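Comments concern the structure below.
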Amino acid sequence: MQVCEVNYLFSAKTAQVENNCMIWLNENHLNNNGHVFWVIFSKILIMQQFNAPQQKCIIIDDDQLSIDILSNFIARTGALTVVATYTDPIEAILAVRAIGEIDFLFLDIGMEVSGIDVAKVLRDHVRYLIFVTSYEKYALDAFNVYCDKFIVKPITYHKIESAIKDILRKEAPR
């Protein structure tokens, strides 16, 4: 993959979207040396282009179909690698503790052992915690265990990509 090339032939108020990059000219900021323009690169696209190591994630959900769909969406972003999935929360807790630390944890709430309780046990082992659940009523409980994102099912690719991008954007050096 190549880094996006900036096209210098802009007309006023031009905006182009190409290769997941947005390029535009701000005519209010003209200077003696020419036009001022901005280029916004997708964090996920940049990670792919520079072969940055993908961050690792684990999914815990008692529904295998939900795991399969979520795994597919995560893989499509190109930013994370799913290293393990679990339908049994107890097995997941033991595995994450053995690993030590994981970058992202995607966690359901409505399981035999509540996802909120799982999060309390694993929060110190997880950099970013994202709840993916059918139970909107548990949002406050989720944020009380310091989750980074709360996504209500049914999930879509856009919801997952947006959550990952938001977290990675906050992490990026300024």
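Plus 197 on top of the position in the sequence shown (first one is 1) and you've got the working numbering.
Backbone N, C-alpha and C fix where the C-beta goes; we use that ideal spot for every residue, glycine too.
On a predicted model such as this, the values are computed, not experimentally measured, just so you know.
When you compare only the Cα positions, how much space is there between Ser311 and Ser331? The sequence position of residue 311 within the sequence shown is 114, counting from 1. The sequence position of residue 331 within the sequence shown is 134, counting from 1. The alpha-carbon atoms of Ser311 and Ser331 are separated by roughly 13 Å.
Nearest residue (CA-CA) to Leu365, options Asn269, Lys317, Leu277: For the purposes of this step, residue 365 is taken as residue 168 along the sequence shown, with counting starting at 1. Checked all of Asn269, Lys317, Leu277; the closest Cα to Leu365 is Leu277.
Cβ neighbour criterion (16 or more within 10 Å) applied to Pro286: Your numbering for residue 286 matches position 89 in the sequence shown. Pro286 should be labelled buried.
Beta-carbon proximity check, Ala272 vs Val279, cutoff 8 Å: Residue mapping note: residue 272 aligns to position 75 of the sequence shown, counting from 1. Residue mapping note: residue 279 aligns to position 82 of the sequence shown, counting from 1. Cβ atoms of Ala272 and Val279: closer than 8 Å.
Would you call the CB atoms of Ile256 and Ile264 closer than 8 Å? Residue 256 sits at position 59 when you count from the first residue of the sequence shown. Residue 264 sits at position 67 when you count from the first residue of the sequence shown. Contact flag set, yes.
Going by Cα to Cα distance, which pick from Leu319, Phe303, Leu302, Lys356 is closest to Leu291? Translated into the one-based positions of the sequence shown, residue 291 becomes position 94. Residue Leu319 holds the alpha-carbon nearest to the alpha-carbon of Leu291 among Leu319, Phe303, Leu302, Lys356.
Specify the secondary structure class of Asp338 as computed by DSSP and reduced to three states. In the sequence shown, the residue the question calls residue 338 occupies position 141. Here Asp338 sits in helix by DSSP.
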